[in-house]
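Asks: In this note's numbering, the protein residues as written are 160 to 616.
My structure is below; once you've seen it, I'll send some questions.
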C-alpha cells in the first residue's frame with residue numbers, strides 16, 4: 160500500500176484511500192494437535208471452534224408440488240421430490256421451512272425484489288430498489304467477524320457482480336467477486352500467510368500501514384469534535400471500520416498457528432474466450448459455482464472470513480440453456496405448462512439445476528474435515544430465493560433452508576411448517592443461533608421475536 164500524506168489533509172478522503180489500498184491476512188489455529196480430545200475445542204483454552212455463517216441464493220424459487228412434499232406439522236424428515244432429489248443425500252445437514260408468510264402491509268410486491276429484501280432484512284421495501292435495513296449476514300458479521308482478514312466474502316457464479324444480496328442499505332450494497340482467478344489472487348495471492356509454513360517474518364509494509372492508521376485514528380479524535388451531530392454519527396461508523404482494519408493489521412503481525420483444515424488450493428485458470436462469451440449459460444454457471452465454492456470454503460477453513468455469501472443465479476435469473484435464446488426468467492412467463500407433467504418443463508429444469516447446485520455446495524463444505532467433524536458442521540448457511548412460484552410472482556411460501564449444525568447449536572433433518580407465520584422467524588432464529596444480541600428483528604408485520612425452537616439443540 161502506498162500512502163501519500165500532504166501537509167493539509169482532508170481526513171475522510173485520505174482514510175478512504177488507505178482502506179482501499181489495505182490488504183490484510185491471517186489464519187487462526189484449528190490443528191488437531193491443539194484441539195481437545197473431542198476435536199471440538201482448543202485444548203489450551205477450551206475455546207470452541209468458531210461457528211461461521213453463510214448465505215446461498217438462487218433466483219426464481221421452485222416448482223410447487225414438485226419440489227418438497229407438504230406436511231401438516233413440523234417433524235423430522237424431509238420429503239424430497241423430483242426437483243430436489245439431489246438434496247436427499249444432505250437431509251441430515253438440512254432444515255426446510257415451508258408455508259411461512261411474507262406480509263407486506265399494503266406495500267407493493269416489487270417482483271423479484273421484495274421477496275429477497277424482506278427475507279434478508281426483515282423489512283419490506285416501500286419502493287422498488289429500496290433496501291431499508293442491513294441484511295442479516297452483515298448483522299452477524301458485525302458480531303462475529305471483527306478479527307478476520309475479510310469481514311465478509313461475497314461471490315457469484317451468475318457473472319453479474321452487482322447482483323449481490325448483501326447490503327447495509329440502499330446506497331451501500333457490496334459487489335460480488337465473479338472471477339475464480341481474481342478470487343484466488345485475493346485469497347491466496349502474495350498477501351496470504353500460510354499458517355502451515357514454519358518460517359514467518361512480519362511484513363514491514365504492514366507495520367507501516369498499522370502505524371499510519373494508528374496515528375490517523377488519534378488525529379480523528381480531534382477532527383470529529385468539529386462536525387455536526389449527523390456527520391459525527393457517520394464518521395463514528397466510518398472510524399469504527401478503520402479501527403477494525405487496524406486490529407486486522409495487528410493480527411497479521413503475529414505468527415499464525417498451524418491449521419490442519421487449511422490447504423492452499425491449486426490456482427484456477429482463465430477460461431477460454433469462447434466460454435467467457437457464454438458465461439451465463441447454465442453449464443458454465445455450474446462449473447464456475449463449483450470452483451468459486453471450493454475457494455470460498457477453503458477461505459472459511461483458513462479463517463480468512465467467518466461470514467460468506469454465494470449467489471448461484473441472480474434474482475432475474477439471467478441464465479440460459481446452451482443454444483437457447485430465452486433465459487430462465489423469460490421462460491417462467493412464456494413457457495406453456497405441460498398438461499401431463501403439470502409444470503413448465505424447461506423452467507422445471509432450471510429449478511432442478513439450482514437444487515443440484517445447492518447440493519454441490521453442501522458437498523464442498525461437508526468434504527472439508529475440521530476437528531472431529533466437517534466444516535459444514537461448524538457452519539450455519541441460510542439459503543433462499545426471492546419468490547415461491549415464479550410464474551405467479553408469489554412471495555408467501557418462499558423456499559428457505561438452513562444447512563449445517565452451527566457447532567452443535569442446531570438440530571437438522573427437520574421440515575418446519577410455518578402455518579403463515581412471518582418468514583422472518585427463520586432469519587431471527589439464525590441471528591440468535593449466531594449470538595447476535597437482539598430481542599426482535601424486522602418491522603411492521605414482519606417483526607418477530609420468536610425463535611423456531613424445534614431446531615435448537
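We put the beta carbon where it would ideally sit given N, CA and C, even for glycine.
So residue 245 and residue 470 are in contact, right, with Cβ under 8 Å, and what is the actual spacing, rounded?
Replies: Between residue 470 and residue 245 the Cβ distance is about 19 Å, and since that is not below 8 Å, they are no contact.
Asks: In the DSSP assignment, find the beta strand (DSSP E) that holds residue 510 and state where it starts and stops.
Replies: Element bounds for residue 510: not the beta strand (DSSP E) but the alpha helix (DSSP H), 504-525.
Asks: What first and last residue would you give for the beta strand (DSSP E) that runs through residue 478?
Replies: Run containing residue 478: none; DSSP gives neither H nor E here.
Asks: Between the alpha carbons of residue 444 and residue 516, how many angstroms are there, rounded?
Replies: Their backbone Cα atoms lie some 9 Å apart in a straight line.
Asks: Identify whether residue 611 lies in helix, strand or coil by the three-state DSSP scheme.
Replies: Reduced to three states, the DSSP call for residue 611 is coil.
Asks: Using the C-alpha atoms, what's the distance from residue 499 back to residue 311?
Replies: Computed Cα separation, rounded: 46 Å.
Asks: Quick one: what's got a C-beta closer than 6 Å to residue 212's C-beta in the same chain, skipping five residues either side?
Replies: Only 299, 466, 539, 593 meet the Cβ criterion.
Asks: For residue 604, does the three-state DSSP call read helix, strand or coil?
Replies: Residue 604 falls in the helix class under three-state DSSP.
Asks: Hey, residue 476 and residue 484: beta-carbon distance below 9 Å or not?
Replies: Contact flag unset, no.
Asks: Go ahead and pull the three-state DSSP assignment for residue 490.
Replies: In this structure, residue 490 counts as helix in the three-state DSSP scheme.
Asks: Does the segment 255-264 come close enough to the segment 567-587 that 3 or more CB-CB pairs lie under 8 Å?
Replies: Yes: the two stretches touch, three or more of their Cβ pairs being nearer than 8 Å.
Asks: Just to confirm, are residue 614 and residue 561 a CB contact at a threshold of 9 Å?
Replies: Taking 9 Å as the Cβ cut-off, residue 614 and residue 561 qualify as a contacting pair.
Asks: Under the rule that 16 or more other beta-carbon atoms within 10 Å means buried, what is residue 338, buried or exposed?
Replies: So residue 338 counts as buried.
Asks: Here's the rule I'm using: 16 or more other beta-carbon atoms within 10 Å means buried, otherwise exposed. How should residue 429 be labelled?
Replies: That one is exposed.
Asks: Go through its chain and collect everything with a Cβ distance to residue 321's Cβ below 7 Å, but skip five positions before and after it.
Replies: 334.
Asks: Please work out which residues of its chain come closer than 8 Å, Cβ to Cβ, to residue 275, disregarding the five sequence neighbours upstream and downstream, and give them in chain order.
Replies: 216, 324, 474, 543, 544, 545, listed in sequence order.
Asks: Give a yes or no on whether the C-beta atoms belonging to residue 214 and residue 295 are separated by under 9 Å.
Replies: Yes.
Asks: For residue 450, does the three-state DSSP call read helix, strand or coil?
Replies: DSSP places residue 450 in helix when its eight states are reduced to three.
Asks: Report yes or no: do three or more beta-carbon pairs, one from the segment 446-466 and one from the segment 523-535, lie closer than 8 Å?
Replies: A contact exists between the segment 446-466 and the segment 523-535.
Asks: Please return the same chain residues whose Cβ sits closer than 7 Å to the Cβ of residue 617, not counting the five positions on each side in sequence.
Replies: Residue 617 lies beyond the stretch modelled for the chain, which goes from 160 to 616, so this question has no answer here.
Asks: With DSSP collapsed to three states, give me the class of residue 443.
Replies: In this structure, residue 443 counts as helix in the three-state DSSP scheme.
Asks: So for residue 281, helix, strand or coil by DSSP?
Replies: Reduced to three states, the DSSP call for residue 281 is coil.
Asks: What distance in whole Å lies between the Cβ atoms of residue 468 and residue 313, which are believed to be in contact at a cut-off of 8 Å?
Replies: Right, their Cβ atoms sit about 5 Å apart.
Asks: By DSSP, does residue 568 sit in helix, in strand, or in coil?
Replies: Correct three-state label for residue 568: coil.
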